[in-house]
Amino acid sequence: MDNARRGRTVALWATGAVVAAGALVAALLTFGDSSEPDEPLASPSEASDGCNGVEGQSIDLDGQVVDPSPHTCFVLDEPASITIGAAALEPSDTIELTLYDADGAQLATAASEPDWDPEIALELEPGTFAIEVAGPAAGEAPPFLLYTATFAPQGGDTADAGDGWTASVPPAQACGTEVPVVADDEPVTIAPEGEATDATLDPSATGDVHYACVEVAETVFAKVGLASADPADVDSPDLTMAIYRAADAGGAATLLRTADDAIGFDPETSLELEPGTYMVAASAWLGGATGPLEFYYDDDGDLARRGEATSMHADVTPGLCDQAPTLSPGDTLTVEGEGTYVCLDNDRAQRLTIQAATLTDQDLVLEILGYDEQPYRLAWADGNPYSDVLADFDPLLDQTIPEGRWIVAVTTYFTGSAADYDLRVVAGGGQ
């Protein structure tokens, strides 16, 4: 998400989307905007027995409710990663969001801060849970909107992605027949609105999920991603991607990695793949249509996609490297006090790990910028793909970085200014 434009926006979440705990926007409901917002879901009726005796208004997951009761509850039938967020309908109001289990034990809490709304993301076992939204100092809650999203278990305290979670993905035998194969320099186009291509899958399938196969003959470090027509357009579909180790017919596919989009950038990830067959899933939030998209795959490091730079970096030019610290692969740097930009001199295209680690309690964001008449985004990270920690404040990028001079921007997710952190650049990649 563009951390310079967070403010009064609320994400509408997708049913069945498989993503890591994190945020990605399917549609924006903006309060105080002149545009007409999408009609939100209606509030469910009060149901005394809807939550197995737990007090509160029973709500369905994977949706949003406008002005519900301050005390709501839900039932989770399967282990899941879940995101719960709340937004006061008046920008000046502040609220506190808390999640409890059926016995009343507090599981997590979050409170409003300037320019952002409280959100909780964690993994839960099946059970009944209660949500409480309160005003300042536990006072009466102002009118608010509540939204929830459930995802496949990603690992951590209650479930591991590698423990054989079964997804409704095609088996390996479907590659080349029902499911197209994407290869290096051979992207696959999906035209779900009836455009005639060999890769078109049934757009009426539940959740409008599309698949492409990747067949790997020897261990590679590969980049996998999705490309839509205009990811910077706020009206474009909000895509999410998942990569599975495919199974034989009747077997269980294994979830390996998920990726969200960010404003101006479609989902993309780089990872090591061992010999075998993999399924890449593309979907859109709210179970909606993905629109036309392209699967791409790169295993020789020659594909570098350009995206829209985060708006707070719109005025960046190469001239800042005359004053900013400069690193090369193998270097580390401790930034004392505030510092946003560090330059990276990369003498050849190579796999690098670039990580920013806070020395305080900041939630850092890492962005790699290039410049060609104007700044563009090469890569962006808000977390560490190798970490199972739910509160992951130290972003890590592990991917092939082209030769040249790059600008590394380190900011915080909510305030924009980062201070007191370590930055390291490791040749060869990995954790």
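Numbering (our numbering) for the sequence shown: -10 to 420. Here a beta-carbon is modelled for each residue, glycine too, at the ideal position from N, C-alpha and C.
The criterion of a C-beta distance shorter than 8 Å is satisfied by V158 and Y233. In the DSSP assignment, V203 falls within the beta strand (DSSP E) that extends over 199 to 205. Membership of Q53 in the beta strand (DSSP E) is indicated by the continuous run 52 to 55. The Cβ atoms of R340 and Q388 lie closer than 8 Å to each other. Selection V168, W369, T139, D227 evaluated against L65 yields T139 as nearest (Cα-Cα).
L412 and Q344 have their C-alpha atoms some 6 Å from each other.
Taking the C-beta atoms as reference points, A271 is found nearer than 8 Å to L228. Bridge pairing for I390: Q339 [DSSP].
The three-state reading of DSSP puts P125 in helix, counting H, G and I together.
Taking 8 Å as the cut-off, the Cβ atoms of A251 and A242 do not count as close. As DSSP reads the structure, D90 sits in a beta bridge with F118. Selection Q162, P220, L333 evaluated against R394 yields L333 as nearest (Cα-Cα). Excluding residues up to 5 positions away in sequence, P169, V171, A188, A201, F284 lie with their Cβ nearer than 6 Å to the Cβ of V177 in the same chain. In the structure shown, C164 adopts extended strand secondary structure according to DSSP, grouped into three states.
Taken atom to atom, the span from the alpha-carbon of A163 to that of E204 is near 12 Å.
The three-state secondary structure of G359, taken from DSSP, is strand. Annotation for P364: A298, H302, V305, L358 place their beta carbon closer than 6 Å to its own, counting only its chain and skipping 5 residues before and after. A Cβ-Cβ distance of about 5 Å is found for the pair T279 and P226, placing them in contact under the 8 Å criterion. Straight-line spacing of the CA atoms in G419 and L135 works out to 38 Å.
Relative to G265, the option among D237, V213, Q46 whose CA is nearest is D237. The alpha-carbon of L215 is positioned some 14 Å away from that of D173. About 6 Å separates the CB atoms of N373 and D383; that is less than 8 Å, so the two are in contact. With respect to the C-alpha of L353, the residue from T400, G45, Y375 having the closest C-alpha is T400. By the neighbour-count criterion, in which a residue is buried when 16 or more other Cβ atoms sit within 10 angstroms of its Cβ, L244 is buried. Comparing alpha carbon positions, the residue from A231, G124, E261 closest to T247 is A231.
When the alpha-carbon of V213 is set against those of E167, Y267, G239, the nearest one is in Y267. By a beta-carbon distance limit of 8 Å, V414 contacts G319. Their separation comes to about 7 Å. Boundaries of the beta strand (DSSP E) harbouring Y285: 282 to 287, taken from the DSSP string.
DSSP places E175 in no beta strand (DSSP E); its state is neither H nor E. Cβ-Cβ distances below 8 Å link G165 to C202 in the same chain, with the five nearest sequence neighbours on each side left out; the list follows chain order. Spanning the alpha carbons of S406 and Q351 requires a straight line of approximately 10 Å. In this chain, D219 is not harboured by any beta strand (DSSP E), its DSSP state being neither H nor E. Secondary structure of S317 (DSSP, three-state): coil. Note on D92: under 16 other CB atoms within 10 angstroms of its CB, so exposed under the neighbour-count rule.
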